[in-house]
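Below, the structure written as structure tokens:
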């Protein structure tokens, strides 16, 4: 096999760069090595091949189940939080079954039915902010998205369990976003160092307490099942596979945590960046307000959903700051050619969504926030892919 390009630094140096300055590190590697390069990020895996040209992205995302596979074991780094039964952790038929069970609640009409709940939570949270005073948009966005998750996903509205669970989940997710905590996942020997190991133990203790509360909620809901409830937990409890089998308690717990991790912090961050640019650029703010004002009083959510400039602002935010920097990893099943290189079976490939979105040949002046680019051109799903693609699309 041809020698693939990539940094020659020791694996530990590469991992530290990846943990503490991931976007800068990816950008440096792309400038040095081009459309394709390898990084050594996990001790138990071979170097990972990163690609970011639309052609390469298309090849890896459209070949699931053919020349490539997207096995769940490659996502084992998330298992401590999401569990072994998460759709992210499963492979093959198990993954297909689980995906089919959890998809119906996320179809367009079902999601739009949550619009009133989302609106009410947003208004209530915003109204708590002091008038004519600056506030931290990230904190507010986190509060809004977590409350939406609690009500729309978990179906938990108020009470002692709701407050305990919300507090624990907030702490777990906040700690998980710290580069120092991420270091535990990539450098597991840190867990053995006295002092540092206590941090990890405290994290796991909080996870256990949250799990107890989630299982209590599932048990109570099974004992007093109400078919008229519309929260996602209720819908998942009602779902059955082709053999008539419902989800187990462990599967429900793992999917709830998966939805929380996938939807809370990511959404709050995207909203925060959108407001950053709307606040920073008066011309964007004026155009957006004019479009919203054109709808008159109390427009319905479907009308707002279709606004072209608002959609462009959201897309441009997700271009610069995609929900995930990378696609889920793929493993080569049979030898293939990619970007002029022959790849052996077993090679692990990841698409860099961040680098694709920063390509000058697709997005002129990529560092500039310019919603108009999405009004002037229709980008392919391999040029603009904030939610990934293929069998593991978010």
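Numbering (my numbering), first residue to last: 122 to 515.
By construction, the Cβ of each residue, glycine as well, lies at the ideal position given by its N, Cα and C atoms.
The segment 354-374 contacting the segment 219-231, beta-carbon criterion three pairs below 8 angstroms: In short, these stretches touch, since the Cβ pair count reaches three.
Sequence-distant residues of the same chain with beta carbon closer than 6 angstroms to residue 266, five excluded per side: Excluding residues within five positions, the ones whose Cβ falls inside 6 angstroms are 385, 388, 389.
Helix, strand or coil at residue 462 [DSSP, three-state]: In this structure, residue 462 counts as strand in the three-state DSSP scheme.
Beta-ladder partner(s) of residue 325, from DSSP: In DSSP, residue 325 forms no bridge with anything.
CB contact flag (residue 177, residue 476, <8 angstroms): For residue 177 and residue 476, no; Cβs fall outside 8 angstroms.
Beta carbon of residue 328 nearer than 8 angstroms to that of residue 277: No, Cβ-Cβ distance for residue 328 and residue 277 is not below 8 angstroms.
Extent of the continuous beta strand (DSSP E) to which residue 472 belongs: Note, residue 472: beta strand (DSSP E), 469-472.
Integer Cβ distance of residue 275 from residue 377, believed to fall under 8 angstroms: That pair is a contact at about 6 angstroms.
Integer-rounded CB distance, given that residue 415 should sit under 8 angstroms from residue 236: By a beta-carbon distance limit of 8 angstroms, residue 236 does not contact residue 415. Their separation comes to about 19 angstroms.
Pick from 241, 127, 334, 324 that is closest to residue 280, judged by C-alpha positions: For residue 280, the nearest C-alpha among the options comes from 334.
Residues near residue 262 in its chain [Cβ-Cβ closer than 7 angstroms; skip 5 each side]: Contacts found: 389, 392, 393.
Among 204, 169, 179, the one whose alpha carbon lies nearest that of residue 372: Checking every option, the nearest Cα to that of residue 372 belongs to 204.
Rounded straight-line distance, which links the Cα of residue 508 to that of residue 515: The alpha-carbon atoms of residue 515 and residue 508 are separated by roughly 5 angstroms.
Burial state of residue 365, where buried means 16 or more other Cβ atoms lie within 10 Å: Counting every other CB atom within 10 Å of its CB across the protein chains shown gives residue 365 a total below 16, marking it as exposed.
Start-to-end residues for the beta strand (DSSP E) that takes in residue 172: Start and end: 169-172.
Where residue 496 falls: helix, strand or coil (DSSP): In the three-state scheme derived from DSSP, where H, G and I count as helix and E and B as strand, residue 496 is classed as helix.
Touching by the beta-carbon criterion (3+ pairs, under 8 angstroms), the segment 227-241 and the segment 316-332: Contact between the segment 227-241 and the segment 316-332 is not established, with fewer than three Cβ pairs separated by less than 8 angstroms.
Three-pair Cβ contact test at 8 angstroms for the segment 156-175 versus the segment 122-141: Taking a cut-off of 8 angstroms for Cβ pairs, the segment 156-175 and the segment 122-141 touch, as three or more such pairs fall below it.
Integer Cβ distance of residue 339 from residue 370, believed to fall under 8 angstroms: Right, their Cβ atoms sit about 5 angstroms apart.
Residue 452: first and last residue of the uninterrupted beta strand (DSSP E) it sits in: Unbroken beta strand (DSSP E) run through residue 452: 451-453.
Cα-Cα separation between residue 193 and residue 180, rounded to whole angstroms: In this structure, the straight-line span from the alpha carbon of residue 193 to that of residue 180 is close to 20 angstroms.
Whole-Å CB distance - residue 445 paired with residue 191, under 8 angstroms assumed: Not a contact, Cβ separation roughly 14 angstroms.
Opening and closing residue of the alpha helix (DSSP H) in which residue 157 lies: Taken as a continuous stretch (DSSP letters only), residue 157 belongs to no alpha helix (DSSP H), being part of the beta strand (DSSP E) at 157-160.
Exposed unless 16 or more other CB atoms sit within 10 angstroms - verdict on residue 375: A buried status is given to residue 375, since no fewer than 16 other beta-carbon atoms sit within 10 Å of its beta-carbon.
Whole alpha helix (DSSP H) elements within the segment 234-271, 4-residue minimum: If we require 4 residues or more, the alpha helix (DSSP H) runs fully inside the segment 234-271 come out as 236-248, 258-269.
Residue 287 burial status per 10 Å Cβ neighbour count (16 or more: buried): Answer is buried; the Cβ neighbour count reaches 16.
Residue 361 - partner residues in DSSP beta bridges: In the DSSP secondary-structure assignment, residue 361 is bridged to 367.
At least three beta-carbon pairs within less than 8 angstroms, the segment 197-212 to the segment 494-509: Result no; under three Cβ-Cβ pairs closer than 8 angstroms.
Closest by C-alpha distance to residue 440, when choosing among 146, 487, 298, 419: Among 146, 487, 298, 419, the Cα nearest to that of residue 440 belongs to 487.
C-beta atoms of residue 396 and residue 169 nearer than 8 angstroms: Taking 8 angstroms as the Cβ cut-off, residue 396 and residue 169 do not qualify as a contacting pair.
Outcome for residue 496 when other beta-carbon atoms lying within 10 angstroms are tallied against a minimum of 16: A residue is called buried once 16 or more other Cβ atoms fall within 10 Å of its Cβ, and residue 496, having fewer, is exposed.
In DSSP terms, what residue 457 is bridged to: Partner(s): 464.
Whole-angstrom distance between residue 322 and residue 195, CA atom to CA atom: Taking the straight line joining both Cα atoms gives about 24 angstroms.
Short Cβ contact (8 angstroms threshold) for residue 433 with residue 481: For residue 433 and residue 481, no; Cβs fall outside 8 angstroms.
Neighbourhood of residue 436 by C-beta distance below 6 angstroms, restricted to the same chain and skipping five residues each side: For residue 436, where only same-chain residues beyond five positions count, the Cβ hits under 6 angstroms are 495.
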